[in-house]
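A.B. asks: Residue numbers (the working numbering), protein chains in the order written: chain L, 22 to 678; chain X, 826 to 1042. Before I ask anything, let me first share the structure, which is written out below as structure tokens.
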């Protein structure tokens, strides 16, 4: 526990020092990166060490605060697992930020950014270690607020301010739901501890679960509470997007798991809720991602998709736990939890790649880019590796966790019950659909952004620079391969986290999972070797066969006068798939038709409407605005009557004392 | 019938309360609030069993701030800031005096029913304290002149102090003194604005708080 607190203190100290020395820009940035990465490294070693130690994690600390309540912290396997992901991604993001944050920026702004970044890391660490309701709520609020300030980093643009406001509203509505769930817990147990809720009636348990699912789901980005996510992630600086999308939204998953663990109530209903929410978020997330033109917005929608995959895993696990099948339960939970780590690795990698593109070209629009792989070898290669990982292809890490979830779902089929049968078939089909669509989506990104020819001047002659940005990308790409090829250690870490859920099965049997991981390693190595052999054959066969002097544009097909406009754009590539999903993702197009012999200049603009956003606007926001418009007479601007309101409120309150 | 010094001085305060409802000049209000400040500050000398050295120091400091510094600062502010001397009532003077009577009667009735747990034996302590609070609130609501509103606020603070001096809480001196310093800081800033920067006048051209309405979006 001591090491965790000292690492948090170092991180916070880095933030304060950066703010203090904000006028000396380079020094402030350097000291912040040094302290943040040092603190994260210390925390990472501590958390990973706890997970790998066979004796088990388990450390507690408690402080009395003002004699009113105690702030208590506890690290178990689940917390240590999330701590590992948090510190690993934050470490990479901190290093990345050294070159990403430009020197030409206002020094104070950079200092403030590092300050809130350090607060965010510390708050996330405290959220996952909090051992009672009050500690959790305080850390949760600090986390939400610090990330809000990071989202409005570029507050000059009205769009970013709007995104920040949306995030603020969503995170606080979510917090209200969490508070309602905690209120129910406190009302029935009478203490603030995350203790076992054995005496609470079952209906109340279901209510607690539903409230906390909505509350934590709005942080995690579960459909339809994800609306803030595609707005807030592009607004933040890229290393912050990496942290927010990589680990911050996972605190929502942590919350769902923690509540599930303390409820200690194994009903398939929880599993069904989680699984269906996961399937909807997964499929719709990737469909909306396909329709995006902004690379960071696209990645944000992929977070929704991956949260969906994680929830499918957890849902399968919950069904397994409820039907008393430990293997299914462990497969589902371990798959979901491992996917938390995997997603944090490849999603932060992808956001960093997108950040490099944005940094060097100044645009996030996919259709304005093209051919970047020529100038950005490392960024392009690592981005492609991240894309393969997010699509769940071997031998990358996304495959391992999705494989676990698949196996859990297939084992659920054999359970016998007709509902769980249909649920698991549903899960398997949707996992396959998600995987396929994700592949389509990333062929679009990689094909349009990194391959082909530059579409605009911004994308021409782009080079990558800044070792501090490339090293984290390289490390994360390596992590994708290592987890994908040698998953044994990471599977053990995930199993340790599952043990902490207390599923009443005693020690989780490790042996079958060891076998699975050996098989995965074998298959992945086979895959790699085959790829290497094919590449070797190709280079030997084509040796001296191509004329090295001929150069032509990509996709030129021998056409003598190709123009960049002849390439597929992102919109046209995704068009046919989007047309299939038009019921869930209505496309609004703006395209004046070409008429006459001498047609006027035309344009094409398309926008995929997020139905959650659309319905939320029409069903929730408009009526609320209408109602509050009717109350505008109360805000008349007369200070004397305002004082009267205060008096009235005090007098009314006196009656309740 | 038994009289004690506390009730006698407090009856003067009640009279000043009534007077402040009818006062039409800011200058009169300043004098009244200064008088109330002095009287309210010396109350602890009469009701406490014994005063510790620290308590005496705090009480004397309170007396100086309430009775001298704050009224003087406001006086300087209106002199240098060339602020209008009329309180500009929203509720007319006759109606105000009627309100004042209603306030005194109401607080007397109310204090009999409240259980504040104060030092017993002083009949007027609670009614006066609540009357001061209500008067301050009234001035805040029914006068347009910003200075009159500030005075209303200080009057409320006097009332709070009076309630506090009736309670026997060990740390109240420190808490009261903290609040007083806040008020002092507010008044001093106002004075500095008026004297050195003359900002109130320049920015708003008037201290009529009804003009704040224009700030509404």
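Here a beta-carbon is modelled for each residue, glycine too, at the ideal position from N, C-alpha and C.
According to DSSP, simplified to helix, strand and coil, what is residue 44/L?
C.D. replies: Three-state result, residue 44/L: coil.
A.B. asks: To the nearest angstrom, report how far apart residue 971/X and residue 1007/X are at their CA atoms.
C.D. replies: Their Cα atoms are separated by approximately 18 Å.
A.B. asks: Would you say the region 222–236 of chain L touches the region 272–285 of chain L, given that touching needs at least three Cβ pairs under 8 Å?
C.D. replies: As far as the Cβ criterion goes, the region 222–236 of chain L touches the region 272–285 of chain L, which means the pair count is three or higher.
A.B. asks: First and last residue of the beta strand (DSSP E) that includes residue 246/L?
C.D. replies: Where residue 246/L is concerned, there is no enclosing beta strand (DSSP E), given that its DSSP letter is neither H nor E.
A.B. asks: To the nearest angstrom, how far is the alpha carbon of residue 317/L from that of residue 385/L?
C.D. replies: Between residue 317/L and residue 385/L, the C-alpha separation is close to 7 Å.
A.B. asks: Using a threshold of 9 Å, state whether the C-beta atoms of residue 538/L and residue 509/L are closer than that.
C.D. replies: Going by C-beta atoms, residue 538/L is nearer than 9 Å to residue 509/L.
A.B. asks: Give the single residue among 146/L, 156/L, 133/L whose Cα lies nearest to the Cα of residue 108/L.
C.D. replies: The option with the nearest alpha carbon to residue 108/L is 146/L.
A.B. asks: Closest to residue 110/L by C-alpha separation, out of 139/L, 134/L, 130/L, 90/L, would be which residue?
C.D. replies: Residue 110/L has its Cα closest to that of 139/L, out of 139/L, 134/L, 130/L, 90/L.
A.B. asks: Would you say residue 1039/X lies against chain L (beta-carbon separation less than 9 Å)?
C.D. replies: Answer yes: the Cβ-Cβ gap between residue 1039/X and chain L drops below 9 Å somewhere.
A.B. asks: Within the chosen definition, does the region 92–99 of chain L reach the region 512–524 of chain L through at least 3 CB pairs nearer than 8 Å?
C.D. replies: Contact holds: three or more Cβ-Cβ distances are below 8 Å.
A.B. asks: Kindly say whether residue 967/X, judged by its beta-carbon, lies nearer than 9 Å to any beta-carbon of chain L.
C.D. replies: Chain L, which has a Cβ nearer than 9 Å to the Cβ of residue 967/X, makes this yes.
A.B. asks: Note down the Cα distance separating residue 15/L from residue 409/L, rounded to an integer number of angstroms.
C.D. replies: Nothing can be reported for residue 15/L, as the shown portion of chain L is limited to 22 through 678.
A.B. asks: Please classify residue 238/L as buried or exposed, where buried requires at least 16 neighbouring CB atoms within 10 angstroms.
C.D. replies: That one is buried.
A.B. asks: Just curious, the alpha helix (DSSP H) that residue 650/L is in, first and last residue?
C.D. replies: Element bounds for residue 650/L: 643–651.
A.B. asks: Can you find a C-beta in chain L that's less than 9 Å from the C-beta of residue 985/X?
C.D. replies: Chain L contact via Cβ: absent.
A.B. asks: Quick one, which of 559/L, 423/L, 362/L has its alpha-carbon nearest residue 272/L's?
C.D. replies: Out of 559/L, 423/L, 362/L, 362/L has the C-alpha closest to the C-alpha of residue 272/L.
A.B. asks: Okay, do the region 286–305 of chain L and the region 370–378 of chain L touch, 3+ Cβ pairs below 8 Å being the bar?
C.D. replies: Judged by Cβ distances under 8 Å, the region 286–305 of chain L makes no contact with the region 370–378 of chain L, as fewer than three pairs qualify.
A.B. asks: Which of the three DSSP states is assigned to residue 826/X in this structure?
C.D. replies: Per-residue confidence for residue 826/X stands at a pLDDT of 48, beneath the threshold of 50, marking its modelled position as unreliable; no derived number is given.
A.B. asks: Report the residue from 613/L, 628/L, 92/L, 263/L whose alpha carbon sits nearest the alpha carbon of residue 622/L.
C.D. replies: It is 613/L.
A.B. asks: From this set, 499/L, 269/L, 289/L, 245/L, which residue's C-alpha is nearest residue 223/L's C-alpha?
C.D. replies: Nearest option by C-alpha distance: 289/L.
A.B. asks: Could you give the first and the last residue of the continuous alpha helix (DSSP H) run that contains residue 408/L?
C.D. replies: Start and end: 398–411.
A.B. asks: Do the CB positions of residue 311/L and residue 598/L come within less than 9 Å of each other?
C.D. replies: It is a contact, given that the beta carbons lie within the stated cut-off.
A.B. asks: Assign residue 610/L to one of three DSSP states: helix, strand, or coil.
C.D. replies: Of the three classes helix, strand and coil, the one that applies to residue 610/L here is strand, per DSSP.
A.B. asks: Have a look at residue 924/X and residue 845/X and give me their C-alpha separation to the nearest angstrom.
C.D. replies: If I take the Cα positions, the gap works out to 11 Å.
A.B. asks: Could you tell me how far apart the beta carbons of residue 240/L and residue 175/L are, in whole angstroms, since I believe they sit closer than 8 Å?
C.D. replies: With a Cβ gap of about 22 Å, residue 240/L and residue 175/L do not count as contacting.
A.B. asks: Can you say whether residue 167/L is buried or exposed, counting buried as having 16 or more other CB atoms within 10 angstroms of its CB?
C.D. replies: With 16 or more other Cβ atoms within 10 Å, it is buried.
A.B. asks: Return the first residue and the last residue of the alpha helix (DSSP H) that residue 950/X is part of.
C.D. replies: Taken as a continuous stretch (DSSP letters only), the alpha helix (DSSP H) holding residue 950/X covers 950–967.
A.B. asks: Would a check of beta-carbon distances place residue 962/X closer than 9 Å to chain L?
C.D. replies: Yes - at least one Cβ of chain L is within 9 Å of the one on residue 962/X.
A.B. asks: Per DSSP, which one or two residues make a beta bridge with residue 92/L?
C.D. replies: Its beta-bridge partners are 84/L.
A.B. asks: Could you tell me whether the region 851–870 of chain X touches the region 892–906 of chain X, where touching means 3 or more Cβ pairs closer than 8 Å?
C.D. replies: Output reads yes: the region 892–906 of chain X touches the region 851–870 of chain X.
A.B. asks: Could you list which residues in chain X have their beta carbon closer than 8 Å to that of residue 668/L, in chain order?
C.D. replies: 962, 966, listed in chain order.
A.B. asks: Please name the residue or residues paired with residue 515/L in a DSSP beta bridge.
C.D. replies: BP columns for residue 515/L are empty, so no partner.
A.B. asks: For residue 160/L, which residues of its own chain have a beta-carbon under 7 Å away from its beta-carbon, when the five flanking residues on both sides are left out?
C.D. replies: If we look at residue 160/L and ignore the five residues flanking it on each side, its Cβ neighbours are 144, 147, 148, 151.
A.B. asks: To the nearest angstrom, how far is the alpha carbon of residue 255/L from that of residue 341/L?
C.D. replies: Using only the alpha carbons, I get a separation of about 38 Å.
A.B. asks: Check each candidate in 615/L, 188/L, 334/L, 260/L and name the one with the smallest Cα separation from residue 679/L.
C.D. replies: Outside the shown range of chain L, which is 22 to 678, sits residue 679/L, and nothing can be said about it.
A.B. asks: Find the residues of chain L that neighbour residue 868/X, judging by a C-beta separation of less than 9 Å, and give them in chain order.
C.D. replies: Neighbours of residue 868/X on chain L: none; closest Cβ ~24 Å, over 9 Å.
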